[in-house]
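These notes are about the structure you will find just below.
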Amino acid sequence: MARGKKKAVVDPDAPKKKTMYTHKLSQEQLDKLQHILEMKMWETYEVEYAQFGFKGPKVNVVGYKSGKLVVQGKETEDFVINTLEPEVLGEARFGYDEVYHPEWFESHAGMDESGKGDLFGPVVTACVIADKVHIDQWVKEGIRDSKTITDGRILKLDKIIRETKGISVETCFCGMPKYNELMGKPRANLNLLLAWQHAKSLTAALKKKRVPWGMLDQFSKQDLVGRYFKDPKFDLRMQTKAEEDPVVAAASVVARAEYVRYMDSLSKKFGDTLGKGASAKVKAQASEILQKFGPERLGEFAKLHFKTSYEVVKDAGMLDRLPLKEPKVFKFGK
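Note that the sequence shown covers residues 1 to 334 in our numbering.
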C-alpha cells in the first residue's frame with residue numbers, strides 16, 4: 001500500500017520570510033546585476049523610471065535609474081543571500097541587523113510621521129517605545145517602513161503593534177480645520193508644526209514608558225524638535241532613512257495607519273476614495289470638491305497652503321470666495 005506524502009510541519013515561532021527588500025546600488029552595481037539577470041534569461045518587463053525590471057522564479061527585481069533596487073516575492077531572501085550579496089554587493093548583511101546595528105534592539109523610542117506630502121488629510125506624528133522582546137516579535141511579523149506596505153496591511157500591522165503588551169504608543173495630529181488655521185497664520189512653518197507634534201507625541205509616550213534614548217526620522221537639517229522637547233536625561237537622535245530601525249518602522253506604520261483612517265472618513269464625506277499624494281488625479285478631485293461643496297469647505301479636505309490648492313481655486317475663478325495667497329515653491333521633506 002502506497003504511503004501518502006507527509007505534510008511539512010510549519011513552526012509557528014519560526015521567523016517569517018521577508019518578501020520585500022530594498023537597497024541603494026551604484027551605477028556599476030546596477031549594470032552588473034542587470035547583466036547577471038540577462039544571463040539567467042529572466043523575463044524582462046518595463047517599469048517607469050527603472051533601468052531594468054526582471055521576473056524570476058517567485059521573485060521580481062527592479063533597478064531604478066536613481067540607484068534604488070527593489071526585490072519582491074516569495075524568494076526574496078534566497079535571491080538576496082545567494083545572488084545579490086555574493087555576486088554584486090560582495091558582503092553578507094541580510095538577516096544580520098542585530099550584528100551590524102545592535103542599538104536597534106535596545107529599549108528605545110522610534111518616531112516618524114505621515115501625510116506631509118499629501119494634499120488631502122493632516123500630518124500625523126507617532127512615537128512608539130519598545131523593548132528587545134517586542135522588537136524581535138515585530139521583525140518576525142514583517143513590520144518595516146510603511147512606504148513599502150499597502151494600506152490594508154498597514155492597518156493589520158498597526159493592530160499588532162498596538163496590541164503588543166508592555167509598549168507605549170502615542171500619536172499627534174490636528175484635524176483639517178485646525179491644521180489650516182495654524183498654517184494660515186503669518187510666518188507659519190510646516191516643519192515647526194511637525195516638530196511640535198513630534199515633541200507632543202514623544203512626551204506623552206515617555207510618560208507611559210521611560211527609555212534613555214530615541215530615534216527620529218530626520219525631516220530637517222536643524223534640531224527643530226529640540227525647541228519644544230526639553231529633557232536633558234533623554235538622548236534624542238536623528239538621521240535620514242531611520243525607518244531601517246524596527247521601532248522607527250513601527251512608528252511609521254502607526255502614523256500611516258492613523259492617516260489612512262482619517263482619509264477614510266474624508267473619503268466618505270467626499271463620496272469617493274480620495275487619492276494620496278499630489279498627483280493630477282488628486283488635483284482633479286480637489287476641483288470636484290470646489291464644485292460639489294464650494295471653496296469655503298475645501299479646507300475640510302485639503303492643505304490650503306499647498307500650491308495645488310491655490311491653483312485649483314484660481315483655475316475655478318473662486319479666489320474672491322477663498323482668497324488664498326500664491327505660495328512659494330514648497331519642497332517636501334519626505
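Backbone N, C-alpha and C fix where the C-beta goes; we use that ideal spot for every residue, glycine too.
Cα separation between ASP78 and GLY56?
Taking the straight line from one Cα to the other gives about 12 angstroms.
Exposed unless 16 or more other CB atoms sit within 10 angstroms - verdict on ASN82
Burial check for ASN82: the Cβ neighbour count within 10 Å stays below 16, so the residue is exposed.
Looking at the structure shown, is TRP213 part of a helix, part of a strand, or coil, going by DSSP?
Collapsing the DSSP output to three states places TRP213 in a strand.
Go through the region 147-223 residue by residue and report every complete run of the beta strand (DSSP E) that reaches 3 residues or more, in order.
Counting only runs of at least 3 residues, the region 147-223 fully encloses the following beta strand (DSSP E) elements, listed from N- to C-terminal order: 168-172, 213-217.
Out of curiosity, what's the CA-to-CA distance linking ASP136 and ARG210?
Computed Cα separation, rounded: 19 angstroms.
Taking the C-alpha atoms as reference points, what is the distance between MET111 and HIS305?
C-alpha separation (whole angstroms): 25 angstroms.
Using a 10 Å radius around the Cβ and a threshold of 16 neighbouring Cβ atoms, would you call ALA284 buried or exposed?
The residue is exposed, with fewer than 16 neighbouring Cβ atoms inside 10 Å.
Can you pull the DSSP bridge partners for ARG237?
Answer is MET215.
Candidates LYS221, ARG256, VAL225, of which the one nearest LYS156 by Cα:
Distances from the CA of LYS156 to each of LYS221, ARG256, VAL225 were compared; the closest alpha carbon is that of ARG256.
Compute the Euclidean distance between the alpha carbons of LYS74 and GLN34, then round it to the nearest angstrom.
Cα to Cα, LYS74 sits roughly 20 angstroms from GLN34.
Considering only the beta carbon of each residue, do LYS68 and THR125 sit closer than 8 angstroms?
Result no, Cβ atoms of LYS68 and THR125 do not sit closer than 8 angstroms.
Please tell me whether, using a cut-off of 7 angstroms, the distance from the CB of TRP138 to the nearest non-hydrogen atom of the ligand SAM is below it.
For the ligand SAM, the structure offers nothing, since it holds no ligand at all.
As a quick exercise: from CYS127, THR150, LYS132, HIS134, pick the residue whose alpha carbon is nearest that of SER201.
Cα-wise, what sits closest to SER201 is CYS127.
Can you name, in chain order, every residue of its own chain whose Cβ lies under 8 angstroms from the Cβ of SER309, other than the five neighbours on each side?
These residues qualify, in order along the chain: LEU119, ALA286, LEU298, ALA302, LYS303, LEU324.
Could you check what DSSP says for LYS55 in three-state terms: helix, strand or coil?
Reduced to three states, the DSSP call for LYS55 is strand.
Near HIS198, which residues of its chain fall below 6 angstroms by C-beta distance, leaving aside the five closest residues on each side in sequence?
Close CB contacts of HIS198 within its chain, under the 6 angstroms cut and outside five residues either way in sequence, are with MET111, THR125, VAL225 (chain order).
Check this for me: beta carbons of THR273 and SER267, under 8 angstroms apart or not?
With respect to the 8 angstroms criterion, THR273 and SER267 are classified as neighbours on the basis of their beta carbons.
Report back the beta-carbon spacing between ASP217 and GLU243 to the nearest angstrom; my notes put them in contact at under 8 angstroms.
Between ASP217 and GLU243, the beta carbon gap of about 6 angstroms places them in contact (Cβ cut-off 8 angstroms).
Length of the line joining the Cα atoms of GLY63 and ASP245:
Approximately 24 angstroms between the Cα atoms of the pair.
As assigned by DSSP and simplified to three states, the class of GLU43
Residue state, collapsed to three classes: strand.
Quick one: is ASN180 buried, meaning 16 or more other Cβ sit within 10 Å of its Cβ, or exposed?
Per the 10 Å Cβ criterion, buried.
In terms of alpha-carbon separation, which member of CYS172, GLU85, LEU30 lies closest to TYR262?
Nearest of CYS172, GLU85, LEU30 to TYR262, Cα basis: CYS172.
Measure the Cβ-Cβ separation of ALA205 and VAL169 and say whether it is below 8 angstroms.
Going by C-beta atoms, ALA205 is nearer than 8 angstroms to VAL169.
What does the alpha-carbon distance come out to for the pair VAL59 and GLN29?
Looking at the two C-alpha atoms, the distance is approximately 19 angstroms.
Measure the C-alpha to C-alpha separation of LEU89 and ILE161 and round it to an integer number of angstroms.
LEU89 and ILE161 have their C-alpha atoms spaced approximately 33 angstroms apart.
Would you list the residues sitting across from GLU113 in a DSSP beta bridge?
THR125, per the DSSP bridge assignment.
What's the call for TYR96, buried or exposed, on a 16-neighbour Cβ count within 10 Å?
Annotation note: pLDDT 45 at TYR96 (below 50); position unreliable, coordinate value reported separately. If you draw a 10 Å sphere on the C-beta of TYR96, you find fewer than 16 other C-beta atoms in it, and that means exposed.
Between which residues of its own chain and ASP151 is the CB-CB distance below 6 angstroms, once the five residues before and five after are set aside?
The beta carbon of ASP151 lies closer than 6 angstroms to those of VAL260 in the same chain, with the five residues before and after it left out.
Suppose you measure from the CA of ALA278 to the CA of GLY117; what does that come to, to the nearest Å?
Straight-line Cα distance between these residues: approximately 7 angstroms.
What are the boundary residues of the alpha helix (DSSP H) that includes HIS134?
Its alpha helix (DSSP H) spans residues 132-141.
Measure the alpha-carbon distance for PRO232 versus ASP223 and round it to whole angstroms.
Rounded to whole angstroms, PRO232 and ASP223 show a C-alpha spacing of 14 angstroms.
Burial state of THR76, where buried means 16 or more other Cβ atoms lie within 10 Å
Within a 10 Å sphere around the beta-carbon of THR76 sit 16 or more other beta-carbons, which makes this residue buried.
Below 6 angstroms CB to CB, which residues in the same chain sit around SER252 once its five sequence neighbours on both sides are set aside?
Apart from the 5 residues on each side of it in sequence, SER252 sits with its Cβ closer than 6 angstroms to the Cβ of ASP112, ASP145, SER146, GLU243 in its chain, given in chain order.
State the CB to CB distance for the pair VAL254 and ASP320, rounded to an integer number of angstroms; the pair is presumed to be in contact (CB under 8 angstroms).
In this structure, VAL254 and ASP320 do not form a Cβ contact; the two beta carbons are roughly 41 angstroms apart against a cut-off of 8 angstroms.
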